[in-house]
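In order, the protein sequences belong to chains A and B.
Per this note's numbering, the first sequence starts with residue 1, numbered consecutively.
Per this note's numbering, the second sequence starts with residue 1, numbered consecutively.
Backbone N, C-alpha and C define an ideal beta-carbon position, used for all residues, glycine too.
Notes for the one structure printed next.
There are 2 protein chains.
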Amino acid sequence: MKQKMIAATTLALALGASSAYAEEAVNPRLLRRFKPIRVEIDSDQNPVTGEKINLGRMLYFDARLSQNRDLSCNSCHPLDKYGADGEVTSKGTKGQRGKRNSPTVYHAAANFVQFWDGRARDVEEQAGGPIVNPAEMAMSSPAEAVARIRSIPGYAPIFKKAFPDAADPISYENIGKAIGAFERRLVTPARWDRFLEGDKTALSAQEIEGLRVFSNSGCMVCHTGELLGGSMYQRVGVVEPWPNQSDRGRAEATKSSADEMYFKVPTLRNVAMTGPYFHDGSAPTLKDAVEKMAKHQLGVTLEDNEVAAIVAWLGSLTGALPLDYIKPPVLPKDSTVTASVK
Amino acid sequence: MKQKMIAATTLALALGASSAYAEEAVNPRLLRRFKPIRVEIDSDQNPVTGEKINLGRMLYFDARLSQNRDLSCNSCHPLDKYGADGEVTSKGTKGQRGKRNSPTVYHAAANFVQFWDGRARDVEEQAGGPIVNPAEMAMSSPAEAVARIRSIPGYAPIFKKAFPDAADPISYENIGKAIGAFERRLVTPARWDRFLEGDKTALSAQEIEGLRVFSNSGCMVCHTGELLGGSMYQRVGVVEPWPNQSDRGRAEATKSSADEMYFKVPTLRNVAMTGPYFHDGSAPTLKDAVEKMAKHQLGVTLEDNEVAAIVAWLGSLTGALPLDYIKPPVLPKDSTVTASVK
């Protein structure tokens, strides 16, 4: 592998590193570990229908699912900002800060588990978490959330359409299923996917150089697959301990010391748009994030031009927002009793 | 990083890849992720004393800790064979085969968790597992094992010396502690450690080339630290699914689907001596093991000369056996009742 790469690199450098030649320097076998993103991220447990998506979109934008009617899913995962809010950690219903950086909701459905610590299996289960988390949307219970939705008369026929076989369609589980179905189409194919599909002009020479540094440095071991992440846990601070040890990661969910400082490896798709970075939001820029990962996970100090190349390549993972799909919907109106329903 | 490495490699190749020049081609920063092995792997919970080691060595070699008095710890982890038995999976007390390959007991104490699936925290806890595992030493209970040891009069004073403050020194916990203390000194420093400590002549040019391929291919992301492994879980078959899916790994211990096919990354120390490889013993040779890891974990097909270089470098991780330390001890004799004690 090395000899061929070096030969190709030397050739590319000799020829001025034009895109066509630089591309030759990427080990084509290495590309097997990456995959283009699926456009439809489906689930056997929750078949996606247009009716569920329609309902899920409403619920995603409906702040009445929060205690003080001030936060929706979209508050911390704004879809027009690539599903992340730009905050170190997000504000909850009383302005208090959560403990972890809000991850993007784009492609979330393709993660192998949900949340930074994997405590929910899928987006359907995940959706039910923040609604009743006291530090987030702060409903006192699933039942309270269901009562709130039931008090809005316009929702009944929409739930009925989304869950036609259910005797009692408005349930906490179905709220999660509808939001999950909506999220299963939050996908942003990017130039990177065109490259993987064979369009070798889709990346610039610098981006291809960044891909090669990324791969040669070992980043691709964890940031792999269609999401370039989202497929495993990894301990943060493998080589050099992570500075902030206050969050023990997956160990806080499992209570197992073996899981200390393990977090889900996040996707890199749209990463240029979703800073600040890491579970603790401790890297304000992509440059800083790349340098910190190299240092703490790989024990490597990258050259500035290498970091710049990786950052350039990461830009190729930014896709176009599905503007029609994420347009805020008209929500059913409150009834006279909605405001009084706890 | 790359440019320097290429320049150095080109130089090394031009100069015939002599050891001194090839060494220059290894990124010195990369070496930070590796560490020389500690000679003493200590534990706050179980301070190591000469008396405990003495007792632990006896228990390690004592087949009376198995139901049929035919298996000791040393049966599946023979110390004169680098702590591994060379079998795909080991034979239990009735000749039945276990499910997983027996990992080496050398440096086991430095692993972040014990067993392939991490179900024991440390070597002290681990030692208690196989004794009562029906597929292994098959004692029916910890109490039975304790009764067996109590029936051997010569053990009483030795336990008393090892655990001078205990009112009742012969306990299952103390059996584990003694064996654990003994194992905490099963350490084999190798040429690799001399290299890390600054002796750049300790590795040959081919071995250094192997180190570089190992690092450039991403192997070092998981096989890191003082053990080149033993510090994290990883999913086997990240890029290409593992052929044998019958063993679900850590998920079988945690019952969590998020842990499907996760296993502890094993140490590479003494790996040349501890085949066959993997949790399922499915690779008979080191060459095969390296190729399979590259394929299933990294999505890379290595050239034959690259595999050969990695295999050569792995040989530098073989240390000298501590022959005095592992000499089988004289064991206390059975009493007239020992044979009848269930």
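Assigned secondary structure, F112 (chain B) (DSSP; H/G/I helix, E/B strand, else coil):
The answer is coil: DSSP assigns F112 (chain B) none of H, G, I, E or B.
Anything in chain A within Cβ reach of C222 (chain B), meaning under 8 Å, just list it in chain order.
Within chain A, the residues placing a beta-carbon under 8 Å from that of C222 (chain B) are V221, ordered along the chain.
Let me know if R97 (chain A) comes out buried or exposed under the rule of 16 or more other beta-carbons within 10 Å of its beta-carbon.
Counting the other CB atoms within 10 Å of its CB gives R97 (chain A) a total below 16, which places it among the exposed residues.
For the candidate residues A:P134, A:V337, A:K52, A:V221, whose alpha-carbon lies nearest to that of G180 (chain A)?
Comparing alpha-carbon positions, the option among A:P134, A:V337, A:K52, A:V221 lying closest to G180 (chain A) turns out to be A:K52.
Residues, ordered as in the chain, of the stretch 107 to 133 of chain B that lie near chain A by beta-carbon distance below 8 Å:
So the close ones are F112, V113, G118, R121.
Please state if the CB of A253 (chain B) and the CB of F112 (chain B) are separated by a distance shorter than 9 Å.
Going by beta carbons, F112 (chain B) and A253 (chain B) fall outside the 9 Å limit.
At a Cβ threshold of 9 Å, is P329 (chain B) touching chain A?
Not an interface residue.
Assuming the contact rule is C-beta atoms closer than 8 Å, T267 (chain B) and G218 (chain B) should be a hit. Round their C-beta distance to whole Å, please.
Actually they do not touch by this definition, with Cβ atoms about 18 Å apart.
Mapping the DSSP letters down to three states, classify K94 (chain B) as helix, strand or coil.
Three-state result, K94 (chain B): coil.
Collapsed DSSP secondary structure at K2 (chain B) in the structure displayed
Summary for K2 (chain B): the model assigns pLDDT 42, below 50, so the residue's position carries little reliability; its value from the coordinates is reported in the next sentence. K2 (chain B): helix per DSSP, three-state reduction.
Inspect the beta-carbon positions of T356 (chain A) and N270 (chain A) and report whether they are closer than 9 Å.
What the structure shows of chain A is the stretch from 1 to 342, and residue 356 (chain A) is not part of that stretch, so it cannot be assessed.
Please report whether the beta-carbon of Y262 (chain B) lies at a distance below 9 Å from any beta-carbon of chain A.
Chain A contact via Cβ: present.
Endpoints, alpha helix (DSSP H) assigned at F195 (chain A)
Where F195 (chain A) is concerned, the enclosing alpha helix (DSSP H) stretches over 191 to 196.
If we ignore side chains and look at the alpha-carbon of each, how far apart do D247 (chain A) and L298 (chain A) end up?
Roughly 21 Å separates the two Cα atoms.
Contact criterion: CB-CB distance below 9 Å. Does A258 (chain A) meet it with respect to chain B?
Cβ-Cβ to chain B under 9 Å: yes for A258 (chain A).
Which residue spans inside the stretch 189 to 269 of chain A form an unbroken beta strand (DSSP E) run of at least 3?
Listed in chain order, the complete beta strand (DSSP E) runs (minimum 3 residues) inside the stretch 189 to 269 of chain A are 233 to 235, 262 to 264.
Answer yes or no: does any C-beta atom of chain B fall closer than 9 Å to that of N68 (chain A)?
It does not: the Cβ of N68 (chain A) has no partner Cβ on chain B nearer than 9 Å.
What are the partner residues of F34 (chain B), as DSSP defines its beta bridges?
F34 (chain B) is bridged by DSSP to B:G225.
At a CB-CB cut-off below 7 Å, which residues of chain B make contact with L30 (chain A)?
Residues of chain B passing the Cβ test: G299, V300.
Report the residue from A:P153, A:F61, A:L227 whose alpha carbon sits nearest the alpha carbon of R38 (chain A).
The candidate whose alpha carbon is nearest that of R38 (chain A) is A:L227.
Any Cβ of chain B within less than 9 Å of the Cβ of E23 (chain A)?
Reliability of the predicted coordinates at E23 (chain A) is poor, the pLDDT of 43 falling under 50, and the value obtained from them is presented with this limitation in mind. Not one chain B Cβ lies under 9 Å of E23 (chain A).
Residues of chain B with CB under 8 Å from R235 (chain A), in chain order?
Those within 8 Å of R235 (chain A) in chain B are S231, M232.
Taking V307 (chain B) as part of the alpha helix (DSSP H), name the residues at either end of that continuous run.
In the DSSP annotation of this structure, the continuous segment of the alpha helix (DSSP H) that includes V307 (chain B) starts and ends at 304 to 315.
Same chain, Cβ closer than 6 Å to F182 (chain B), five either side skipped, listed in chain order:
Within the same chain, F182 (chain B) has close Cβ partners I53, G56, R57, Y60.
Below 7 Å on C-beta distance, what does G198 (chain B) contact in chain A?
Those within 7 Å of G198 (chain B) in chain A number zero; the least Cβ separation is about 17 Å.
What are the partner residues of A283 (chain B), as DSSP defines its beta bridges?
B:Y277, per the DSSP bridge assignment.
Measure from the C-beta of R248 (chain B) to each C-beta in chain A and report whether the shortest distance is under 9 Å.
With 9 Å as the cut-off, R248 (chain B) does not count as an interface residue toward chain A.
Taking the alpha carbon of P130 (chain A) as the reference point, which residue from A:L321, A:V213, A:K99, A:I170 has its own alpha carbon closest?
Selected option, being the one with the closest Cα: A:K99.
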